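This report refers to the structure that appears directly beneath it.
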Amino acid sequence: MIGFRNFTYCWAIKLGRRRPAPNTIPLSPPRSLANNFHQTQLHEAEDPERYLLIDHLTEHGVEGIFFNGVGESGYPSSISYSQLGYFKFDNRHYLYGYELRTQSAPLFILQRLIGFARIAIWQDKAAQFLFNRRQLVRRERIELLRFIIDNTLKDNDYRTSAPFLMHAINSRRSFSHPNSGQTMNHYRWLLDALVASGHLSLENHAYRLTPNGINGLAEYELEERRYNEVLRQQKLVGRLTIALVVVGAVQAWVIWMAG
């Protein structure tokens, strides 16, 4: 079994090394749109935070920079071909602004053979095109406050921001939507308004619920119930008025017929 894994790992690493990643990887447009390279890592099975970032292949194995997972700078290291199968394979394909991650050597080989990366990008662009035809959901002031309260009840240290709300309410695709800028500004204004009213506090560019926020929602819900009760009473009065008019008309008709 290890022999087969060593073989597939070696094959997969060689495929990835055909387009090795540079030392600095552009992650933002427009430079990232020209990306087309691979970064391959081998993680320790017992501690995935420790891994070798592969730099090149030699006659006896792979060499690169090893990171021990404690935040320190990496140092040169190597793994022999006979030991490859004892590690966990991890490849990142940076392609035209996308990052495609594969954590299986056999699967990576198959993906390379069928051109999976471009198929996946085409599917993503098609899904984004369909998403862009929809209207982005916009929560209004009280709806947004209720959303923040519900999440704070789940996590007492819950903090949010306009981009986070965009992602949570509309998914990550909302950032590529034609109306993303307008919707982002909408949430920024609402969050700032809730800060001004004392329902939220702003700490280190993140918004957090204040005790007054729950009181504000309770007061709003009370006013909403009162408003609905007034509407119900008005509808009832309207129906009674119509009924009285009908009864009066019937009585007048009966009197007229009798006369």
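Going by our numbering, the sequence shown opens with residue 11, and the numbers climb by one from there. For glycine and all other residues, C-beta sits at the position ideal for the given N, C-alpha and C. Please read these numbers as outputs of a predicted model, since none were measured by experiment.
> Under a three-way DSSP split, which group does residue 89 fall into?
Replying inline: Counting from one through the sequence shown, the residue named residue 89 turns up at place 79. Residue state, collapsed to three classes: strand.
>> Just verifying my parser: in three-state terms, what is the DSSP assignment at residue 95?
In response: Stepping through the sequence shown from its first residue, residue 95 is reached at position 85. If DSSP states are grouped into helix, strand and coil, residue 95 belongs with the helices.
> Just how far apart, CA to CA, sit residue 172 and residue 43?
Replying inline: As a first step, residue 172 must be located in the sequence shown, where it is residue number 162. As a first step, residue 43 must be located in the sequence shown, where it is residue number 33. Rounded to the nearest angstrom, the two C-alpha atoms are 26 Å apart.
> For residue 93 versus residue 74, is the C-beta spacing smaller than 9 Å?
Replying inline: Residue numbering aside, residue 93 sits at position 83 when the sequence shown is read from its first letter. Residue numbering aside, residue 74 sits at position 64 when the sequence shown is read from its first letter. Cβ atoms of residue 93 and residue 74: not closer than 9 Å.
> Per the contact definition of three or more C-beta pairs closer than 8 Å, is the region 203–215 in contact with the region 146–156?
Replying inline: yes
>> For residue 216, report the span of its beta strand (DSSP E) as first-last.
In response: What you label residue 216 is simply residue 206 of the sequence shown in a count that begins at 1. 216–219 is the extent of the beta strand (DSSP E) around residue 216.
> Rounded to a whole number of angstroms, what is the C-alpha to C-alpha distance between residue 117 and residue 216?
Replying inline: What you label residue 117 is simply residue 107 of the sequence shown in a count that begins at 1. What you label residue 216 is simply residue 206 of the sequence shown in a count that begins at 1. Between residue 117 and residue 216, the C-alpha separation is close to 40 Å.
>> Distance check for residue 266 and residue 246, CA to CA, integer angstroms please.
In response: Taking the sequence shown and counting its residues from 1, the one referred to as residue 246 is at position 236. Taking the sequence shown and counting its residues from 1, the one referred to as residue 266 is at position 256. In a straight line, the C-alpha of residue 246 is about 30 Å away from that of residue 266.
>> For residue 255, which residues in the same chain have their Cβ closer than 8 Å to its Cβ, ignoring the five residues on either side in sequence?
In response: If you number the sequence shown from 1, residue 255 lands on position 245. Within the same chain, residue 255 has no close Cβ partners at all.
> What's the C-alpha gap between residue 211 and residue 168?
Replying inline: As a working mapping, residue 211 is identified with position 201 in the sequence shown. As a working mapping, residue 168 is identified with position 158 in the sequence shown. Each residue's Cα considered, the two are about 12 Å apart.
>> On the CB-based measure, 16 or more other CB atoms within 10 Å of its CB, does residue 38 come out buried or exposed?
In response: If you number the sequence shown from 1, residue 38 lands on position 28. Exposed, because fewer than 16 other Cβ atoms sit within 10 Å of the Cβ of residue 38.
> Does DSSP put residue 237 in a helix, a strand or coil?
Replying inline: Reading the sequence shown from its first residue, position 227 is the one you call residue 237. Any reading at residue 237 needs caution, since the residue's pLDDT is 48, under 50, leaving its predicted position unreliable; the model's value is listed next. Helix.
> Got a sec? Which residues, its chain only, sit under 8 Å from residue 250 by beta carbon, not counting five neighbours each side?
Replying inline: On the sequence shown, position 240 is the one that residue 250 refers to. If we look at residue 250 and ignore the five residues flanking it on each side, it has no Cβ neighbours.
>> In the DSSP output, which residue or residues are listed as bridge partners for residue 71?
In response: As a first step, residue 71 is located in the sequence shown; it is residue number 61 there, counting from the start. According to DSSP, which records beta bridges pairwise, residue 71 is partnered with 90.
> Got a sec? Which residues, its chain only, sit under 6 Å from residue 196 by beta carbon, not counting five neighbours each side?
Replying inline: Here residue 196 refers to the residue found at position 186 of the sequence shown. Closer than 6 Å at the Cβ level, and outside the excluded window around residue 196, lie 148.
>> Let me make sure I understand the geometry here. Which of 28, 209, 189 and 142 has the alpha-carbon closest to that of residue 103?
In response: By 1-based counting over the sequence shown, the position of residue 103 is 93. When only C-alpha atoms are compared, the closest one is 28.
> CA-CA distance, residue 190 and residue 170?
Replying inline: Start at 1 with the first residue of the sequence shown, and residue 190 comes out as number 180. Start at 1 with the first residue of the sequence shown, and residue 170 comes out as number 160. If you take the alpha carbons of residue 190 and residue 170, they lie about 17 Å apart.
> Leaving out five residues before and five after residue 277 in sequence, what residues of the same chain have Cβ atoms less than 8 Å from its Cβ?
Replying inline: Because the chain is modelled from 11 through 269, residue 277 falls outside the range shown and cannot be assessed.
>> I believe residue 141 touches residue 187 by the beta-carbon criterion, under 8 Å. Please report the beta-carbon distance rounded to the nearest angstrom.
In response: Residue 141 sits at position 131 when you count from the first residue of the sequence shown. Residue 187 sits at position 177 when you count from the first residue of the sequence shown. Right, their Cβ atoms sit about 7 Å apart.
> Run through DSSP, which three-state label would residue 64 get?
Replying inline: Here residue 64 corresponds to residue number 54 of the sequence shown, with the count starting at 1. Reduced to three states, the DSSP call for residue 64 is strand.
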